[in-house]
Amino acid sequence: MLDLLNKIYEKNEECGFSQTVSQGQPPETILMIDRVTRKPLSPQMRDFYSFALTWTEGLTGLDVADPNTLEELYANSDVKESIDLKAEDYKPLPPSDPSDWRRTALLALEDGGQGLGLCFYWWKSDADTEPCIVFISGGTINVFVDLEEYAEHLANGTFPEQGDAIYQQLEQDRGTLSD
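Read in our numbering, the sequence shown has 509 at position 151, and its numbers run on one by one without any break.
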């Protein structure tokens with residue numbers, strides 16, 4: 359994982375992103391967007407946060423949110439509105455189903471929540487250790503099976519085959535964007 363994150367950092371430098379990485383101590387648990395439920399950090403999440411607790415313009419122009427400040431972020435009206443709009447407008451993706459809210463946490467956002475882009479952690483079930491990654495930015499929608507598949511995609515431009523299968527299953531189970 360750390361090799362992939364270093365490669366993403368180097369690619370961002372080559373592209374001229376004005377990225378900033380900060381390190382610190384992540385919490386043991388992460389707060390879901392329902393603002394009540396907490397889930398323990400997965401092994402991949404711990405690896406990620408050991409590299410960057412925050413990462414400005416680190417993930418395709420999105421800013422990685424400090425997991426220690428999610429309660430304040432979720433209370434921010436711009437962030438809340440952005441999450442609500444994604445829930446309304448991006449069926450079948452999480453967090454469009456109310457049950458998703460207790461299994462979804464914010465990973466990254468654009469312009470402090472005022473931009474179009476959001477990236478979520480999403481646990482398909484309570485039994486999952488590693489969350490999927492749901493990336494929504496404008497017309498770009500991707501689901502990744504886990505944080506490593508997302509990092510692989512950003513580092514090497516690989517197609518998220520496992521995540522695409524999850525998205526197709528969501529369409530079958532929940533309908534499509536046009537329903």
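Backbone N, C-alpha and C define an ideal beta-carbon position, used for all residues, glycine too. Predicted model only: the values in this text are computed from it and were never measured.
According to DSSP, is Ile366 part of a helix, a strand, or is it coil?
In this structure, DSSP gives Ile366 a helical state, which the three-state scheme calls helix.
Could you tell me whether the Cβ atoms of Thr378 and Thr427 are closer together than 8 Å?
Contact flag unset, no.
For Leu467, is the classification buried or exposed, using 16 other Cβ atoms within 10 angstroms of its Cβ as the cut-off for buried?
Classified as buried, Leu467 has 16 or more neighbouring CB atoms from the shown chains inside 10 Å of its CB.
How far does the alpha helix (DSSP H) with Val437 in it reach, from first residue to last?
From DSSP, the alpha helix (DSSP H) with Val437 extends over 435 to 447.
Using the Cβ count rule (16 or more neighbours within 10 Å means buried), how would you classify Ile366?
The residue is buried, with at least 16 neighbouring Cβ atoms inside 10 Å.
Beta-carbon within less than 7 Å of Asp455's beta-carbon, same chain only, minus the 5 sequence neighbours each way: which residues are those?
Its chain contains Arg532 as the residues whose beta carbon lies nearer than 7 Å to that of Asp455, once the 5 sequence neighbours on both sides are disregarded; these appear in chain order.
Is Trp459 helix, strand or coil by DSSP?
Looking at Trp459 - three-state DSSP - the assignment turns out to be helix.
Under 8 Å: do the stretch 431 to 444 and the stretch 388 to 400 share three or more Cβ pairs, one atom per stretch?
Judged by Cβ distances under 8 Å, the stretch 431 to 444 makes contact with the stretch 388 to 400, as three or more pairs qualify.
Which listed residue (Glu446, Ala523, Leu505) has its alpha carbon closest to that of Thr487
Put simply, of Glu446, Ala523, Leu505 the residue whose alpha carbon is nearest the alpha carbon of Thr487 is Leu505.
Only counting the same chain, and skipping five residues up and downstream in sequence, which positions put a Cβ closer than 6 Å to that of Leu512?
Taking Leu512 as the centre and dropping the five residues before and after it, the same chain places the C-beta of Ile366 closer than 6 Å to its C-beta, in chain order.
Quick check on DSSP: helix, strand or coil for Thr395?
Under the three-state reduction of DSSP, Thr395 is assigned to coil, being neither helix nor strand.
Which residue marks the beginning of the beta strand (DSSP E) containing Ser421, and which one marks its end?
Before going on, a small fix: residue 421 reads as Asp here, not Ser. In the DSSP assignment, Asp421 falls within the unbroken beta strand (DSSP E) covering 420 to 422.
Apart from the five residues just before and just after Thr412, which ones in its own chain have a Cβ nearer than 6 Å to its Cβ?
Sequence-distant Cβ neighbours of Thr412 in its own chain, meaning closer than 6 Å and more than five residues away, are Ser380, Val422, Asp424.
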